[in-house]
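*Asks:* One structure coming up, written as structure tokens, with questions to follow.
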Amino acid sequence: MSDASSPKRPAAEMTAAACVFAAPAAGKAPRGAPALAGLVPFSSVDWPGKLAAVLFLSGCPWRCGYCHNAHLQRRHAAYQWPAVVDWLKTRAGLLDGVVFSGGEPLGEAQLPTLAGTVRALGFKVALHTAGIYPDRLATVLPLLDWVGLDIKADANTHDALVGRPGGFQRVQASLALLLGASTPFECRTTWDPAWLSEARLLALARTLAQQGVRHYAVQACRAGPVAMPGADLSAQARDTLASWFTTFSFRES
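Taken in order, the sequence shown gives residues 0 to 252; the numbers are from numbering that gives the first Met the number 0.
Take a look at the structure:
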């Protein structure tokens, strides 16, 4: 499941967004509808440098212990896609793009069609993915303007963290695909010190830099409104990471 964003936003942000953008209300979607289960009308944090709407597609085969979108693990639909498209048409000129997040959005078989529809409306399109489905990523990649790829842990820890075997190899295949493409992307790690020490986090990041990753972020794992105890990178670690990548950021929220 993608770690970078969540339908759960600060009340002030959600209230302001609702007033300005009048997004469609959640409701019952027809059988066979895309598993669109969440919507943030306006975000400045889910796509670096862009103002975007975020559409959350439910369903994820992984069970990360710190997942803050656990309500999106089960596939279900809460929005009707035609209503979302009509609303997006009213956002032309107000938003730079649309981010598909999750859950794991690549688990949605209709994602290429959804992305194509969004592009046809004149928006740029971004994707948050945990790298679970490299073949599906290859299919949709020509429609994307940016990708945020979750690198959850190193080879020794990854599959235990996500609760499923074989995941690390899939993520590496997705990373190789992005490294060989021209689509801008960022790798990011949600850091829970209970799973990765700071030293092991640095080792993981160094490997990514050696593979050719140029943009990297570490996101502090959160327990409710606050970061997990110990999830605060030392100044030395931040300086080291900044020296390895073209851009590096530590996100505390």
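No residue lacks a Cβ here, since even glycine has one placed at the ideal position from N, Cα and C.
(1) Go through its chain and collect everything with a Cβ distance to L207's Cβ below 7 Å, but skip five positions before and after it.
(2) Using only the alpha-carbon positions, how far apart do A11 and F41 sit?
(3) Taking the alpha-carbon of P141 as reference, which of H157, L93, L160 and K123 has the nearest alpha-carbon?
(4) Looking at the strands, I want to know which residues DSSP matches up with A76.
(5) Measuring CA to CA, which of A125, A34, P23 and L71 is closest to L87?
(6) Can you give the Cα-Cα distance for A69 and D238, rounded to whole angstroms?
(7) Check this for me: beta carbons of V83 and L143, under 8 Å apart or not?
(8) Determine the DSSP secondary structure at A129, reduced to helix, strand or coil.
(9) Mind checking whether S173 and G130 have CB atoms under 8 Å apart?
(10) Pull up the distance between the alpha-carbon of L240 and that of L201, whole angstroms please.
(11) Who are the near neighbours of T77 in its chain, counting only those whose CB is closer than 6 Å to its CB and skipping five residues on each side?
(12) Between K245 and R213, is the Cβ-Cβ spacing less than 8 Å?
(13) Mapping the DSSP letters down to three states, classify E185 as helix, strand or coil.
(14) Buried or exposed: P224, going by 16 or more other Cβ atoms within 10 Å of its Cβ?
(15) Could you give the first and the last residue of the continuous alpha helix (DSSP H) run that contains V161?
(16) So, is F247 buried or exposed, given that buried needs 16 or more other C-beta atoms within 10 angstroms?
(17) Please identify the residue among K49, A114, R73 and L50 whose C-alpha is closest to the C-alpha of W80.
(18) Over what stretch of residues does the beta strand (DSSP E) that includes A52 continue unbroken?
(19) In this structure, how does DSSP classify S248 when only helix, strand and coil are distinguished?
(20) What's the gap between the Cα of A91 and the Cα of A175?
(21) Which partner residues does V217 have in the DSSP bridge list?
*Replies:* Once the coordinates are examined:
(1) In the sequence shown, the residue the question calls residue 207 occupies position 208. By the criterion of a C-beta distance shorter than 7 Å, L207 is surrounded in its chain by I150, C186 and Y215, once the five residues flanking it on both sides are discounted.
(2) Indexing the sequence shown from 1 puts residue 11 at position 12. Indexing the sequence shown from 1 puts residue 41 at position 42. Per-residue confidence for A11 stands at a pLDDT of 37, beneath the threshold of 50, marking its modelled position as unreliable; the derived number appears in the next sentence. If I take the Cα positions, the gap works out to 12 Å.
(3) As a working note, residue 141 is residue 142 in the sequence shown. The closest CA to that of P141, considering only H157, L93, L160 and K123, is found on K123.
(4) Mapped onto the sequence shown, residue 76 falls at position 77. Answer is none; A76 lacks a bridge partner.
(5) By 1-based counting over the sequence shown, the position of residue 87 is 88. If we check each option's Cα against that of L87, P23 comes out closest.
(6) As a first step, residue 69 must be located in the sequence shown, where it is residue number 70. As a first step, residue 238 must be located in the sequence shown, where it is residue number 239. It is roughly 33 Å from the alpha-carbon of A69 to the alpha-carbon of D238.
(7) For the purposes of this step, residue 83 is taken as residue 84 along the sequence shown, with counting starting at 1. For the purposes of this step, residue 143 is taken as residue 144 along the sequence shown, with counting starting at 1. Result no, Cβ atoms of V83 and L143 do not sit closer than 8 Å.
(8) Numbered from 1 along the sequence shown, position 130 holds the residue referred to as residue 129. When secondary structure is reduced to three states using DSSP, A129 falls in the coil class, being assigned neither helix nor strand.
(9) Position 174 of the sequence shown, counted from the start, is the residue given in the question as residue 173. Position 131 of the sequence shown, counted from the start, is the residue given in the question as residue 130. Yes, the Cβ-Cβ distance between S173 and G130 is below 8 Å.
(10) In the sequence shown, counting from the first residue as 1, residue 240 sits at position 241. In the sequence shown, counting from the first residue as 1, residue 201 sits at position 202. Going by the C-alpha atoms only, they are around 7 Å apart.
(11) For the purposes of this step, residue 77 is identified with residue 78 of the sequence shown, where counting begins at 1. Here residue 77 turns out to be Ala, not Thr, going by the sequence shown. Contacts found: A25 and A36.
(12) Reading the sequence shown from its first residue, position 246 is the one you call residue 245. Reading the sequence shown from its first residue, position 214 is the one you call residue 213. Reading the sequence as shown, one finds Thr at residue 245 and not Lys. It is a contact, given that the beta carbons lie within the stated cut-off.
(13) Here the question's residue 185 lines up with position 186 in the sequence shown. When secondary structure is reduced to three states using DSSP, E185 falls in the strand class.
(14) As a working mapping, residue 224 is identified with position 225 in the sequence shown. Any reading at P224 must be qualified, since the residue scores a pLDDT of 47, below 50, and its modelled position is unreliable; the value itself is stated next. By the neighbour-count rule (16 or more Cβ atoms within 10 Å), P224 is not buried but exposed.
(15) Your numbering for residue 161 matches position 162 in the sequence shown. V161 -> alpha helix (DSSP H) spans H157 to V161.
(16) Taking the sequence shown and counting its residues from 1, one reaches residue 247 at position 248. With a 10 Å radius around the Cβ and a threshold of 16 neighbouring Cβ atoms, F247 comes out buried.
(17) Working through the sequence shown from its first residue, we reach residue 80 at position 81. The shortest Cα separation from W80 among K49, A114, R73 and L50 belongs to A114.
(18) Locating residue 52 in the sequence shown gives position 53, counting from the first residue. Its beta strand (DSSP E) spans residues A51 to L56.
(19) For the purposes of this step, residue 248 is identified with residue 249 of the sequence shown, where counting begins at 1. In the three-state DSSP reduction, S248 falls in the strand class (E or B).
(20) Taking the sequence shown and counting its residues from 1, one reaches residue 91 at position 92. Taking the sequence shown and counting its residues from 1, one reaches residue 175 at position 176. Rounded to the nearest whole angstrom, the CA to CA distance from A91 to A175 is 34 Å.
(21) Along the sequence shown, read from residue 1 onward, the residue named residue 217 stands at position 218. DSSP, once it has assigned bridges, lists T188 and F249 as partnering V217.
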